[in-house]
Amino acid sequence: GEGTVTGTMRTSIQAGHLWRKQVLPLGTVTLPRGELALTPEYLGWLAEAFDEAAFDYVPFQLAFDSEHTSDPDRWRGDVTGFEMADDGLDALIMATDEGNRAILETPGLDAAPRIINDYRTADGRVFPAAIQHILGTTKPLITGLRGWERVT
8 GEGTVTGTMR TSIQAGHLWR KQVLPLGTVT LPRGELALTP EYLGWLAEAF DEAAFDYVPF
68 QLAFDSEHTS DPDRWRGDVT GFEMADDGLD ALIMATDEGN RAILETPGLD AAPRIINDYR
128 TADGRVFPAA IQHILGTTKP LITGLRGWER VT
């Protein structure tokens, strides 16, 4: 009926502002919980998990700090894909008007993925690793990533 949403959508924005942003580098990074080896294989698993819809939907969220949030009030766009680059993993993000404004007007806005390792879906599929959302933050744990690039 009217106002009913059925099925799962990979993206919710039909038209917006498309950006490319490096979200993970190649190499080993040190995080609060230990070292993480970001090998081509590991980054490939993340891209493959997205392509195989490990999560029905991967949003672009804004945060006040580096605390990951799934709060729908913080939603500013949709992740439409991941691509391997020579130096790491890039996210393609379709930003809302508010998300676009944040990207353009927030000094130092970076992007941080929320990674779930050994992720199991309700239907029994298993992924070595999957990205649940991309967080727009000025305090990322991984620094030195390439900046935002508008995709035309």
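One rule links them: number in my numbering = place in the sequence shown (from 1) + 7.
No residue lacks a Cβ here, since even glycine has one placed at the ideal position from N, Cα and C.
All figures in this text were calculated on a predicted structure; none of them were measured in a lab.
Beta carbon of residue i nearer than 8 angstroms to that of residue j
i: ARG121; j: ILE149; result: no
i: GLY23; j: ALA102; result: yes
i: PRO79; j: ALA119; result: no
i: ASP97; j: ARG40; result: no
i: ALA136; j: LEU53; result: yes
i: GLY95; j: GLN29; result: yes
The alpha helix (DSSP H) enclosing residue i, as first and last residue numbers
i: TYR5; result: Nothing can be reported for residue 5: it is not among the residues displayed for the chain, which extend from 8 to 159.
i: ARG108; result: 104-112
Residue from the options with nearest C-alpha to residue i
i: ARG81; options: GLY51, ILE123 and PRO66; result: PRO66
i: TYR126; options: ALA56, GLY51 and THR159; result: ALA56
i: PRO1; options: LEU43, VAL158, LEU25 and TRP26; result: Residue 1 is absent from the model: the chain starts at 8 and stops at 159.
i: ARG132; options: LEU96, ALA60, GLY115 and ILE100; result: ALA60
i: GLY143; options: ASP130, ALA92 and SER77; result: SER77
i: ALA70; options: ALA136, ASP117, ASP130 and ILE123; result: ASP117
i: ILE123; options: HIS140, ASP63 and ASP130; result: HIS140
i: ASP63; options: ARG157, VAL158 and ASP130; result: ASP130
i: GLY88; options: LEU38, VAL36, GLY51 and THR145; result: GLY51
i: MET91; options: GLY115, HIS75, ASP104 and LEU45; result: LEU45
i: ALA109; options: PHE134, LEU99, ARG83 and ILE100; result: ARG83
i: PHE134; options: THR159, HIS75, ASP93 and ASP58; result: ASP58
i: ASP93; options: THR159, GLY34 and THR128; result: GLY34
Local Cβ density within 10 Å of residue i, reported as buried at 16 or more and exposed below that
i: ASN107; result: buried
i: LEU111; result: exposed
i: LEU152; result: buried
i: ARG157; result: exposed
i: ASP104; result: exposed
i: GLY14; result: Unreliable placement is indicated for GLY14, whose pLDDT of 45 sits below 50; no coordinate value is reported for it.
Identified DSSP bridge partners for residue i
i: TRP82; result: GLN68
i: ALA61; result: The partner list for ALA61 (beta bridge, DSSP) is empty, contrary to what the question assumes.
i: ARG157; result: TRP26
i: THR37; result: GLU42
Beta strand (DSSP E) segment containing residue i, residue limits
i: LYS28; result: 24-32
i: HIS140; result: 133-144
i: ARG121; result: 117-127
Proximity test, Cβ basis, 8 angstroms: residue i and chain B
i: GLY143; result: Of the protein chains in the structure, only one exists, and it is not chain B.
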